[in-house]
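*Asks:* In this note's numbering, each residue carries its 1-based index in the sequence shown increased by 338.
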Amino acid sequence: MTVSPAPSNANTYEEERVSASACPACLAAPSAEQLAKSGDIKGARIMLSLPTAHCAVCITDVERELMKQPGVKSARVNLTLKRASVDAETGVEPAGLIAALDKIGYESHELDAGMLSATEADKRGRDLLMRIGVAGFAMMNIMLLSVAVWSGAQDATRDLFHWVSAAIAIPTIIFSGQPFFASAYYSLRGGRLGMDVPISLAILLALGISLFETMHSGAHAYFEAATMLTFFLLVGRYLDYRTRAVARSAAEELAALEVPRATILRDGVEVVVLVGELVVGDLMRVRPGGRIPADGEVIEGHSESDRSLLTGESLPVQVGPGMVLSAGEVNLTGPLMIRVTAAGKDSSLHRMADLVAMAESAKTKYTSLAERAARAYAPIVHILSFTAFCAWAWVTGGDFRLAVNIAAAVLIITCPCALGLAVPAVVTAASGKLFRKGLLIKDGTALERLAEIDTVVFDKTGTLTMGAPRPQNLPDLSPKALSVAMALAEGSSHPLARALHQAALGQGATAAALEDIREVPGYGVEGHWQGQIVRLGRANWIGAEEGASTATHLKIGDEAPVSIRFVDSLRPGAEEAVAGLVAQGKAVWLVSGDVEAAVADLAARLGISQFRAGALPMEKAQLVADLTHEGHRVLMVGDGLNDTAALAGAHVSVSPASALDAARTASDIVLLGQDLAPIAEAARIAKHARRRIKQNFAISIVYNAVAVPLALMGLATPLMAALAMSASSITVSLNSLRLR
339 MTVSPAPSNA NTYEEERVSA SACPACLAAP SAEQLAKSGD IKGARIMLSL
389 PTAHCAVCIT DVERELMKQP GVKSARVNLT LKRASVDAET GVEPAGLIAA
439 LDKIGYESHE LDAGMLSATE ADKRGRDLLM RIGVAGFAMM NIMLLSVAVW
489 SGAQDATRDL FHWVSAAIAI PTIIFSGQPF FASAYYSLRG GRLGMDVPIS
539 LAILLALGIS LFETMHSGAH AYFEAATMLT FFLLVGRYLD YRTRAVARSA
589 AEELAALEVP RATILRDGVE VVVLVGELVV GDLMRVRPGG RIPADGEVIE
639 GHSESDRSLL TGESLPVQVG PGMVLSAGEV NLTGPLMIRV TAAGKDSSLH
689 RMADLVAMAE SAKTKYTSLA ERAARAYAPI VHILSFTAFC AWAWVTGGDF
739 RLAVNIAAAV LIITCPCALG LAVPAVVTAA SGKLFRKGLL IKDGTALERL
789 AEIDTVVFDK TGTLTMGAPR PQNLPDLSPK ALSVAMALAE GSSHPLARAL
839 HQAALGQGAT AAALEDIREV PGYGVEGHWQ GQIVRLGRAN WIGAEEGAST
889 ATHLKIGDEA PVSIRFVDSL RPGAEEAVAG LVAQGKAVWL VSGDVEAAVA
939 DLAARLGISQ FRAGALPMEK AQLVADLTHE GHRVLMVGDG LNDTAALAGA
989 HVSVSPASAL DAARTASDIV LLGQDLAPIA EAARIAKHAR RRIKQNFAIS
1039 IVYNAVAVPL ALMGLATPLM AALAMSASSI TVSLNSLRLR
């Protein structure tokens, strides 16, 4: 069994030891740091809130305008959170981006990217409810006044009731219709036709024709219809808002773990400060029952930590001095003194939330399709409405009242709200569900690609097994051999090397002083000791005899090789994951650099019929490439540096949180907990998500195919159009929530 390559660094083991003590969520967080180092995230990250964004057209307009600005590298809008995430070069100012969005009619505000907040009052929801209440109360009063007109009131009496209705309707519509009017105003000011332009036009047409009738003592006025139209449009918008809130994104769930204040020690005195004021090195005191405010290392105290909301695992873990805790964990049983190692935007909690928000706002082929359709909406709907007005005015011989009503109905009924919700509602619901099961999606297209897989390739050590093997025959090694093996193992991050080093430390061994330690990728580690070449790694590299169990081998100069045998435990959920994937009809492979006997034994135990032993890193990548060339869509699950090429070459990839940074960076999804079972569940959810997206597209297409002709034929009033439009949006949202 090879010791997989890793930096030959005397501090490697100590770094890994500290990392191993951290929670899986903390281990997931460095992937954001690695992305930054690799160039995926450079310069400044600017977060903007977009309170008026509400549809696919808004996403397109905002992203296009932001991308025009000098220094902006990428811009992604998360419609659920109503935020834009902008990656820009250092020096790009938020004020310039805000001004650019204001020119095209979008209100925006800078958010503090270093702070998460799930405790803000739900102002938007309350505002919509207040406007709904005003519109509903006015609508009922106007309907009561209309009873007299319907009962046969004539001339001055009828005009009086109409004017009283107008006095109620005009201020009501001005106030209650503000969400539509304001959005339409900013759209027109920016030189575009947003979704709320035709809605506002329809409301004003209904109000205008009623005023015209009243001023000319007409027999009919439609103030109750205008207020009712406003009322039902607001109800539809509020229900859409609530269904989005129910499909809370994983980013919002992470935000809910933030605490606003922390207790720190300054000159021996406890001081309560805002979390945003914490700096590296501060000493925090966290009492039992309190949530950890920032990442830090325990320097005093013993307790248990609840990490269930971060990792999906319910069992608490023991905490003591030297342990690294993540922001968001709950201290259960004893007081702790913690030294802050990362706070605010640098904390693992914030980095995880940032990765999730980026994934939820990523572009997929379905998102692009929905956005193209939404872009085509604005010109088409106005052309249809104007055509309907002209046609009905001509057919009826100048009945402009009827023509205006039909034109208003067309404006409302063709709203693409359902189409705009078709994809983001599903992605948000699915990513939130997967996060609750312990899977962090780093790439927004991963969910789409995961639905397409038909083959799964598992690595063995550290993936299907715990990667915590125990050496069985260390007492048989001489002190010299043990010290040399310990020194070589110290320079590797392979699970066997880490286990060997830790066990040697436990026996009180001292590492030999080696020189020129270097990695030989796929084979092991070698160095010089007292003028001799010493090696630790594969049997065929060492010149040892390959046994039937997992082992690494030591050779000192010309001495006979020594084999160090290991035993490892199966990772929880491994059997369930393999069985679940097989039940879904997927082909499952096991690939490992371990000896054939050990790999075959594990494959038989898990019911995997296809396996490959003794595989070098490039052979793993070649297996993935060969399967892809044969037309398969491959999911690669691995954790080591020797899996990185295979992870990068797969259609979609998953790494446990305990994996090396390189493996986590190369993967699309991080498994936060130890249990592998969620992988099979993720494949199932991904397929269901794709099905829901297609269903949502079908709902939108059928709705427009039925509703638009009815409106054009004059069979739908503006009120009926408002009800139909709201019903289509709510239907799409509820269909998306079936994933939860």
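Positions of the beta carbon are idealized from the N, C-alpha and C atoms, including for glycine.
All values derive from a computational prediction rather than experimental measurement.
Specify, as a first and last residue, the run of the beta strand (DSSP E) that A868 falls within.
*Replies:* The residue asked about is misnamed: residue 868 is Gln in this sequence, not Ala. Per DSSP, Q868 belongs to no beta strand (DSSP E) and is neither H nor E.
*Asks:* Using DSSP bridges, identify the partner residues of W927.
*Replies:* The partner list for W927 (beta bridge, DSSP) reads V795 and Q948.
*Asks:* According to DSSP, is A585 part of a helix, a strand, or is it coil?
*Replies:* Because A585 sits at a pLDDT of 46, beneath the cut-off of 50, its placement in the model cannot be relied upon, and the following sentence gives the value as read from the coordinates. Under the three-state reduction of DSSP output, A585 falls in the coil class, being neither helix nor strand.
*Asks:* Taking only runs of the beta strand (DSSP E) that begin and end inside the segment 812–872, which ones reach a length of at least 3 residues, in chain order?
*Replies:* 853–858 and 862–867
*Asks:* Sorted by chain position, which residues of the same chain lie with C-beta nearer than 6 angstroms to V1046's C-beta, five sequence neighbours on each side aside?
*Replies:* If the five residues before and after V1046 are omitted, its C-beta is found closer than 6 angstroms to the C-beta atoms of T752, all from its own chain and listed in chain order.
*Asks:* Judging by CA-CA distance, which residue of A882, S907, R903 and A953 is the nearest neighbour of D896?
*Replies:* Here the closest residue by C-alpha is A882.
*Asks:* Which same chain residues, not among the five before or five after R469, have their C-beta less than 6 angstroms away from its C-beta?
*Replies:* S514 and L572
*Asks:* What do you reckon, are the CB atoms on R623 and I676 nearer than 9 angstroms?
*Replies:* yes
*Asks:* Please tell me whether, using a cut-off of 8 angstroms, the distance from the CB of L482 to the nearest non-hydrogen atom of the ligand SAM is below it.
*Replies:* Within the structure as shown, the ligand SAM is missing, as the structure has no ligands at all.
*Asks:* Hey, out of L549, G658, T793 and G528, whose CA is closest to A925's CA?
*Replies:* The option with the nearest alpha carbon to A925 is T793.
*Asks:* Please report the distance separating the alpha-carbon of L621 from that of E667.
*Replies:* 17 angstroms
*Asks:* Using three-state DSSP, classify S991 as helix, strand or coil.
*Replies:* strand
*Asks:* Could you give the first and the last residue of the continuous beta strand (DSSP E) run that contains I1037?
*Replies:* It is not in any beta strand (DSSP E) - I1037 instead sits in the alpha helix (DSSP H) that spans P1016 to L1050.
*Asks:* Would you list, in sequence order, the uninterrupted alpha helix (DSSP H) runs of no fewer than 4 residues that lie entirely inside the segment 524–570?
*Replies:* 534–553
*Asks:* Out of curiosity, what's the CA-to-CA distance linking K307 and H891?
*Replies:* The chain is shown from 339 up to 1078; residue 307 falls before or after that span and cannot be answered.
*Asks:* By DSSP, does K780 sit in helix, in strand, or in coil?
*Replies:* Correct three-state label for K780: coil.
*Asks:* Under the three-state reduction of DSSP, which class applies to M804: helix, strand or coil?
*Replies:* In the structure shown, M804 sits in coil (DSSP, three-state: anything other than H, G, I, E or B).
*Asks:* Where do the N-terminal and C-terminal ends of the beta strand (DSSP E) with E642 fall, by residue?
*Replies:* Segment S641 to D644, the beta strand (DSSP E) holding E642.
*Asks:* From the DSSP output, which residues share a beta bridge with D939?
*Replies:* Bridge partners of D939: none, in fact.
*Asks:* Between the Cα of V795 and those of G865, R383, K411 and S993, spot the shortest distance and give me the residue it belongs to.
*Replies:* S993
*Asks:* So who's on the other strand from G634, going by DSSP bridges?
*Replies:* L663 and V678
*Asks:* Grab me the residues of V410's own chain with a C-beta within less than 7 angstroms of its C-beta, minus the 5 sequence neighbours each way, in chain order.
*Replies:* L404, V424, A426 and V430
*Asks:* For G911, collect the residues of the same chain with a Cβ closer than 6 angstroms to its Cβ; drop the 5 residues on either side in sequence, then sort them by chain order.
*Replies:* D1013, L1014 and A1015
*Asks:* Does the distance from the CB of L674 to the CB of L687 come in under 9 angstroms?
*Replies:* no
*Asks:* For F518, which residues from the same chain have a beta carbon less than 6 angstroms from its beta carbon, with the 5 sequence-adjacent residues on both sides left out?
*Replies:* Here the set comprises D534, I537 and S538.
*Asks:* C728 to Q492, Cα distance in whole Å?
*Replies:* So the alpha carbons of these two residues sit roughly 32 angstroms apart.
*Asks:* Specify the secondary structure class of V410 as computed by DSSP and reduced to three states.
*Replies:* Of the three classes helix, strand and coil, the one that applies to V410 here is strand, per DSSP.
*Asks:* Is it the case that the Cβ atoms of V905 and R808 are separated by a distance below 9 angstroms?
*Replies:* Going by beta carbons, V905 and R808 fall inside the 9 angstroms limit.
*Asks:* Could you spell out where the beta strand (DSSP E) holding R496 opens and where it closes?
*Replies:* It is not in any beta strand (DSSP E) - R496 instead sits in the alpha helix (DSSP H) that spans D493 to S514.
*Asks:* In this structure, does DSSP put R469 in helix, strand or coil?
*Replies:* helix
*Asks:* Cα separation between L785 and V765?
*Replies:* 8 angstroms
*Asks:* Does the Cβ-Cβ distance between T966 and A563 come in under 9 angstroms?
*Replies:* no
*Asks:* DSSP three-state call for G875: helix, strand or coil?
*Replies:* Correct three-state label for G875: strand.
*Asks:* Taking the straight line between their C-alpha atoms, what separation do you get for Q1100 and E448?
*Replies:* The structure shown does not extend to residue 1100, since the chain is modelled only from 339 to 1078, so the question has no answer here.
*Asks:* Helix, strand or coil: which one does DSSP assign to I397?
*Replies:* helix
*Asks:* Would you call the CB atoms of V657 and G634 closer than 9 angstroms?
*Replies:* Going by C-beta atoms, V657 is not nearer than 9 angstroms to G634.
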